[in-house]
Amino acid sequence: MDTPKEIFLKDYKMPDYFFETVDLKFELGEDKTIVSSKITVLPRIEGVSSPLVLNGHDLKLLSVKVDGNELKKEDYHVSSRHLTVSTPPSSTFTLEIVTEIYPQSNTSLEGLYKSSGNFCTQCEAEGFRKITFYQDRPDIMAKYSCRIEADKSLYPVLLSNGNLISKGDLQGGKHYALWEDPFKKPCYLFALVAGQLESRDDTFVTCSGRTVALRIWTPSQDVPKTAHAMYSLKAAMKWDDEVFGLEYDLDLFNIVAVPDFDMGAMENKSLNIFNSKLVLASPETATDMDYAAILGVIGHEYFHNWTGNRVTCRDWFQLSLKEGLTVFRDQEFLSDMGSRIVKRISDVSKLRIYQFPQDAGPMAHPVRPHSYIKMDNFYTVTVYQKGAEVVRMYKTLLGSSGFRKGMDLYFKRHDGQAVTCEDFFAAMQDANGADFANFLLWYSQAGTPRLKVTTSYNPETRTYSMKFSQEVPSTPGQPVKEPMFIPVSVGLLDSSGKDIPLTTLYHDGLLQTIASKDEPVFTTVLRVTKKEEEFVFSDISVRPVPSLLRGYSAPVRLDSDLTDTDLFFLLAHDSDGFNRWEAGQVLARKLMLNLVSDYQKNIPLVMNPMFVDGIRSILKDTSLDKEFIAKAITLPGEGEIMDLMEVADPDAVHSVRSFIKKQLALQLKNEFISTVTENRSSEPYVFNHQNLAQRALKNTALVYLASLDDTELTDFALNEYNSATNMTDQFAALQAIAQNPGQARDEVLADFYKKWSHDFLVVNKWFALQAMSDIPGNVANVQNLLSHPAFDMRNPNKVYSLIGGFRGSPVNFHAKDGSGYKFLGEVVLQLDKINPQVASRMVSAFSRWRRYDEGRQALAKAQLERIMSANGLSENVYEIASKSLA
Ligand code: PHE
Ligand code: ZN
C-alpha cells in the first residue's frame, strides 16, 4: 500500500469550479447500475480555465461529455480515485458523465448498496464518489434532480430528496420516479432508496400553517413498530418550532429504516435513512433505553435540517459545526421531554467514559481537527460530545435568550451557505455584543483541561476565596497549550444546606456586583481565563460549602479541596441536582481508588460504612426523582476508575467494584427488596418519565440483589424475568441473573434466545449481553458466538453487539494471557476486508494500550503490529493503528 495521504485544514482552498444544478439518472439493475449525471459547471472566475478534478472511487467510466460532445481520450485522465478534465471551458458549461457501479457487492455500506434486498445510499462523508465522479466536498452546493428507473415488482417504492415531480411505468416491467430538491445541498446529503417498503403515514402542521406529510418506511411486517418513531418525529418538529422558531421547509418528510447501516442515522435532505434499531420499537421488544435513543436520534436527524442542511460545513474539519450543535439540540430536546438533571448526568457520564480517554490518548484531536487521513475516523465523541459541550458553554455564558439571539443571527447570516466554526462563534458574540476572549481555543486545543480549586474563608473580612489554576495536558502534535476560557458556574451553601445569596465579588482588583439582596442570585458563572486566578466573594457570614461547576458548566477535570464531609453534605443538600449526583460520584471514585490500592497491596477490603449510609439515605429519599436515585446509586464504571490510575489495573478495579456492589447488596438487602416490590407495575407499558423512572429504579435494585449469587435472590430475579410484560423488565432481569456463571444463567439465556430468535434486534441484545459479561474466561464464549447461525460479520449492528460489546468487559478484553487482544486482532483483520469503517471502530479498542502493565502492553502492541503488517489494509484501520503505535 502507498502511505496514505494526510489532509490538512491549513491547506483548504476555494474550489475553482462551482456546480449549479445536478440531474442524476439511476438505472438500477440486478448485476449493475448505470448512473448518468448532468452538471452545470461554473468557473469561480469567469474566463479562467484550470483542470477540473473530480473524485471517484473504483468507478467504471462509460462516457464523459462537455457541452454535449464526447471528450477525446487526450482531453481527460481517469484513475482509480480521480477523473480530471484537462482544459474545460472558461465559462458555464454542462458536464455529462456516465458510470457503472455494483451495489449488490458493496459491503462497505457507503455509496449505493443493498440492504435486505433494497437499494439505499450513504454518502456522508465521502460516499458520493462511489456513485459518480464529482467534486465530493461540502462547499459544492447544487440543486439536484434524481430520476430512478427500476423493476416495478422488485422495487415498488422509489424515493429521493425533495418533491416527487412525476412517476410512471416503463417498458419491460419497469417504472420510474422523478424527484427534485428545491434546496441547494452538498452531495453528502443526497439519498436514494428503492425497494419493497411500506409506510406509516401522518401529518404535522408547522407554526406557520404548512401541512407536512410524514412517512416512515420499513418492510411491511415492521410497520406496527414505527409508532414511537412517528411520535418522536412529531415531538421533535414541534419542539424546534417552539424553542428555536425553526420550521420544516418542504411538504414531505421521509424516514427509511434499513437493517445494514454503519452509523445510527443520516440526515439526508427530506429523506433520512436510519439504522433499524433506531426506528423500530414495541414494548415487548425494545427497552426504555431504546425508546429514549429513538426519540433522541429522530430528533437529532430532524434538527439537522437547519443545523447541517440549510447551513452546512465549509469542509469536513468543521464537522462539529453541525454535529456538536445538533447533539446539543437533541440533548436539550430530551431534557425538555424527560428529566433535565438525569439527562445531564447521562451526557456527562458519556463524556467521561468515552471522550476523556480519547482526549488523553494517541487519537486525541481538537473539536475541530487539524488533519485526517480518513474523515470517517473523525466522527468521534470529541467532535460530537465535546463539541456539544462547547455549544453548551455559549448558552451558559449568554443565557437562553442570548443563545437564541445568536442562533437567529447565525441563520440570518448563513442560510444556504457552507461555513466554519468561527462563523458560529461570531454570530453568538455579535448578536449579544459579548466578549468571548480566547474561547475559540476550545476548537483548536485538544486535551481535557485540569482545573484545580482551593478555597478559603476569612471570618474577619467575611470573604470567601476561590483560587483556580488550570493545566491543559499535551496531546499528539500539541506539546504546549494556552490557558482556556472556562465558565465555572458556582453556588455557596450555608450550614443548613441552603443556598447563600451571592451579592459581590472581587476579581482582578475590581469589585463586581452579582445581584442585589432583593432579587437574590444563588448561582453565578465565573469566567476563568488565566493559568491562575482568584475570585473572592464578599459578605459571606459563615464558612460555606462550595458547589463547584454546577450543571457541569465546562468539560474539564475538576480537582477541589472538598473534604469527604463536604461531599456528603453536598450529596444530601445541594440545590443543583447534577452536583448532588456528582458529590456521590466523587466519593465513590475516592473509595474505589483507595480500595484498589489496598487490593494491590493484598490488604483485605473493608467497606466504608459512611458510604453505605449515604446510599441508603438516597435510596429512601421519597422526595427524589426515581431515575435520579437509580443514577445516584450506580457506581462509576471500571473504565472511569482505570482512567484515573497511573497504570490501569483491570483485575484490581473489577474485584473492587464487585466487592462494593456486593457489600451494598448485602447491607441494603431489605431496602433493595422493597425497592423492587414497591416499584413493580401491573399497568401496560407506557414510555413516559414517571414510568421509566420507576422501572429504572426497580431494575437497578434487582441487579444489586442478584449480584449476591444466592439461590433465593436468583429465584427472586427469575420470578421478575418470568412475570415481565415488557422488554425493559425482562432484559433487566436477564442481565441480573446473567451476572453469575452457572445453571440459572445458562437456562435463562437459552430461554431468551428461544423466545426471540425471530427478532434480529432482540437477538443483538442477547449477543451484547453475553459479550459484555465479566464472567471468567468469557473470551472463549464470545469466540464461539462468532459462529452462531444468527451472527453475520457483514451486519454492523451484529458486530457492534458482539465484538463491540466484548470491549465493554475490561477484565476479559484485557485478559492477562492476551486472549482478548488476539481475538480482537483476528476479527479486525477479517472485518477490514468487508467494511473498513466498522473495522476501524473496533481497532480503536487498542489505542490506549500504553496505559496497562508491561505484559499487557507487549501483547496488545503485538496485535497492532500484526494488523499494520497485513496486506491491503484499509486507510481507515491504518490511520488508527499507526497513530496508536506512534
Ligand atoms: N451525520 C450523521 C449524524 O447525524 C452521522 C453519520 C455520519 C451517518 C457518517 C453516516 C455516515 O450524526
Ligand atoms: Zn448528526
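Under UniProt numbering, the first residue of the sequence shown is numbered 1, with each subsequent residue one higher.
For every residue, glycine included, the Cβ atom is placed at its ideal position computed from N, Cα and C.
- At least one heavy atom of ligand 1 is found less than 6 angstroms from the C-beta of E267.
- No Cβ-Cβ contact shorter than 7 angstroms links D494 with F522.
- Assigned with DSSP and collapsed to three states, F611 falls in helix.
- Beta-bridge annotation (DSSP): D169 is paired with H175.
- Across the set G195, G406 and F253, the C-alpha of G406 shows the shortest separation from the C-alpha of G245.
- Fewer than three beta-carbon pairs drawn from the segment 145-152 and the segment 223-240 are found closer than 8 angstroms, and the two stretches are therefore not classed as touching.
- For Y821, no beta strand (DSSP E) run applies; the uninterrupted alpha helix (DSSP H) run containing it begins and ends at S819 to I834, by DSSP.
- Restricting attention to E124, Y12, I140 and D31, the CA atom closest to the CA of L54 is found in I140.
- In this structure, ligand 2 has a non-hydrogen atom nearer than 6 angstroms to the beta-carbon of T326.
- For P546, the enclosing beta strand (DSSP E) begins and ends at V545 to S547.
- Within its own chain, the residues whose Cβ lies closer than 8 angstroms to the Cβ of S346, once the five positions on either side in sequence are excluded, are K631, listed in chain order.
- For F716, the enclosing alpha helix (DSSP H) starts and ends at T711 to S723.
- Restricting attention to D832, Q429 and A418, the CA atom closest to the CA of K184 is found in A418.
- Relative to ligand 1, the beta carbon of E124 is positioned inside 6 angstroms of a heavy atom.
- With at least 16 other beta carbons inside 10 angstroms of its own, E879 counts as buried.
- Per the Cβ contact rule, the segment 269-276 is not in contact with the segment 704-723 (fewer than 3 Cβ pairs under 8 angstroms).
- Here DSSP, grouped into helix, strand and coil, assigns R314 to coil.
- CA-to-CA, the gap between I216 and I255 works out to about 5 angstroms.
- Annotated as proximal: S840 and N876, with beta-carbon spacing under 7 angstroms.
- Checking the 6 angstroms criterion, the Cβ of E332 is out of range of every heavy atom belonging to ligand 2.
- Scanning S63, K114, L252 and Y372 for the CA closest to the CA of I7 turns up Y372.
- L158 is positioned such that its CB atom lies no closer than 7 angstroms to that of A191.
- S270 sits close to N161, with the two beta carbons spaced by under 7 angstroms.
- E70 is bridged by DSSP to K65.
- Relative to ligand 2, even the nearest heavy atom lies 6 angstroms or more away from the CB of E389.
- No Cβ-Cβ contact shorter than 7 angstroms links T99 with L42.
- At the C-beta level, T524 and L502 come within 7 angstroms of one another.
- Around the Cβ of P555, a 10 Å sphere holds 16 or more other Cβ atoms; the residue is buried.
- A distance of 7 angstroms or more separates the beta carbons of L591 and F569.
- Beta-bridge analysis with DSSP links W217 to S199 and V256.
- By the Cβ neighbour-count rule, D222 is buried, with 16 or more other Cβ atoms within 10 Å of its own.
- Comparing C-alpha distances from M263 to each of Q830, L605, V799 and L864 shows the shortest one belongs to V799.
- Exposure of I603 is indicated by the presence of fewer than 16 other C-beta atoms within 10 angstroms of its C-beta.
- Rounded to the nearest whole angstrom, the CA to CA distance from A768 to G805 is 5 angstroms.
- Checking the DSSP bridge columns, you'll see H77 partnered with T84.
- Where K467 is concerned, there is no enclosing alpha helix (DSSP H), although the beta strand (DSSP E) around it starts and stops at T463 to E471.
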